[in-house]
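Using my numbering, read the sequence shown as starting at 3 and increasing by one per residue.
To start, the structure itself, in structure tokens.
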Amino acid sequence: MSSEPWTIESICDALGNPTLTTRFLGEINRAPAHEILAVFARWERIAKDTLAAVQRGREIAAAEARGEEPPGEWIDGTARLQQAAARIGSRGAA
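See below:
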């Protein structure tokens, strides 16, 4: 987002999901007057985090399209996941 101040409309746009937008609008509309700023601030943070995640995803997709490794530090969790699967499998499936 630009340096423009956040508004209810810009938060709705940044959320990019009709379900989230409906939830935000419901919460902001039902909030008592003394809680409106806190509700707004929480959803502003969610909107900022959403925009950052979208940007990060675009950077990763662009790097992969160029045949490059995705930017950032990546931890290979294969061994940890295999160990967890083995523990679960040893207990038997439900």
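Each residue gets a CB set at the ideal place from its N, CA and C atoms; glycine is no exception.
Quick caveat: nothing in here was measured; it's all calculated off a predicted structure.
query: Using DSSP with H/G/I as helix, E/B as strand and the rest coil, what is residue 68?
result: Residue state for residue 68 is assigned as coil, using DSSP reduced to three classes.
- prompt: If we ignore side chains and look at the alpha-carbon of each, how far apart do residue 34 and residue 58 end up?
  reply: Rounded to whole angstroms, the separation of the alpha carbons of residue 58 and residue 34 is 35 Å.
field: Cutoff 8 Å; reference residue 41; Cβ partners in own chain excluding five residues on either side
entry: Counting only residues of its own chain and dropping the five nearest sequence neighbours on each side, residue 41 has a CB closer than 8 Å to the CB of 29, 30 and 33.
Residues near residue 61 by beta carbon distance below 7 Å, same chain, minus five either side: In chain order, 73 place their CB closer than 7 Å to the CB of residue 61, counting only its own chain and leaving out the 5 sequence neighbours on each side.
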